[in-house]
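Below: one structure, written as structure tokens.
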Amino acid sequence: QPAVTRFVKSLGYERYQDFRSALVSFLARSSNDEIKSGRRRYFSDLAALLNETEDILSAEMMQELACYVLSFDRIFVTGLGKSRLPAKLLSIYVRKLGIVATETDLIGAKDYSELMTEKDLMIIFSVNGQPEVFRSVTKGDGSLMIVTAAYKDKELRANDRLIKLPYLSKNAEESSVSPILFSVFVELLVEYMTIVTSSSDPS
């Protein structure tokens, strides 16, 4: 106790309680500064990724993808892990356009894939692209559209599509902004599908 008291007084504090109070305040400020810094970094990273995504999802590409999706009679949509949300969102939006769309989990997607014809499309959202998963849903005659941030397999069939979005961290699965970019992609795709549908409507 005497040693602590001498140490505290050498720092300019009369009592240990004063020192402890000042230390708690300092730690609280430091923690708050760290949170603010992390928050600023998150939004800064997101802004950079949005700019990069904007370059990737050009008007020409989105128009081509909209026409591609609209060329199928039925659409099946699935998402792995946290990518399931954009899949649900897309299925809701395209149904509003009058398109037959079925949102399912991966097990259902495998079952549906065996029944798909050349007029069917399976759309898979997966942050950390896993080729073995994609190969498991290509048993039928349908086509595949993969939306990912880290696709590792370049073996795509002639009518399949790959949309590769950017991510920041070493592991795409750890990048908290990836699902946000998937939602941006969904919103854009549906917007272009709406434009293409309305422009081809004779009325």
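Going by the working numbering, the sequence shown opens with residue 31, and the numbers climb by one from there. Idealized CB from N, CA, C, for every residue including glycine.
Buried versus exposed, by CB contacts within 10 Å (16 or more), residue i
i, result
"Glu44", "exposed"
"Val124", "buried"
"Pro32", "exposed"
"Asn81", "exposed"
"Ala96", "buried"
"Gly172", "buried"
"Met91", "exposed"
"Ile193", "buried"
Start-to-end residues for the alpha helix (DSSP H) that takes in residue i
i, result
"Glu90", "Ala89 to Leu100"
"Arg114", "Arg114 to Lys126"
"Val167", "Segment: none, Val167 is in no alpha helix (DSSP H) and carries neither H nor E."
"Arg36", "Pro32 to Ser40"
Reference residue i, options the options, closest by Cα
i, options, result
"Val216", "Ala188, Ser101 and Ile176", "Ile176"
"Tyr197", "Ala52, Pro32 and Tyr72", "Tyr72"
"Leu18", "Thr227, Phe212, Thr224 and Val226", "Lying outside 31 to 233, the shown extent of the chain, residue 18 is not represented and no answer is given."
"Gly138", "Leu174, Ile225 and Thr108", "Thr108"
"Glu84", "Ser228, Asp141 and Val214", "Val214"
"Asp135", "Ser156, Leu127 and Ser228", "Ser156"
"Ile153", "Ile225, Ser113 and Lys39", "Ser113"
Proximity test, residue i beta-carbon vs the ligand FAD heavy atom, cut-off 7 Å
i, result
"Ser51", "This structure lacks the ligand FAD, and indeed carries no ligand of any kind."
Limits of the beta strand (DSSP E) - the one that residue i falls within
i, result
"Val157", "No beta strand (DSSP E) contains Val157, which DSSP labels as neither H nor E."
"Gly138", "Careful: Gly138 lies outside any beta strand (DSSP E), inside the alpha helix (DSSP H) at Leu136 to Leu145."
"Gly111", "Looking at the DSSP string, Gly111 is not in any beta strand (DSSP E), and its letter there is neither H nor E."
"Phe194", "Per the sequence presented here, residue 194 reads as Lys, with Phe not at that position. Where Lys194 is concerned, the enclosing beta strand (DSSP E) stretches over Arg191 to Lys194."
"Ala131", "Val130 to Glu133"
Would you be able to state if there are at least three C-beta pairs under 8 Å between the region 120 to 131 and the region 70 to 81? Here the region 70 to 81 does not lie against the region 120 to 131, with fewer than 3 beta-carbon pairs under 8 Å apart.
* Given 8 Å as the limit, is there contact between the region 100 to 118 and the region 136 to 151, that is, 3 or more CB pairs closer than that? -> Contact check between the region 100 to 118 and the region 136 to 151: three or more CB pairs, one atom from each, fall below 8 Å, which counts as touching.
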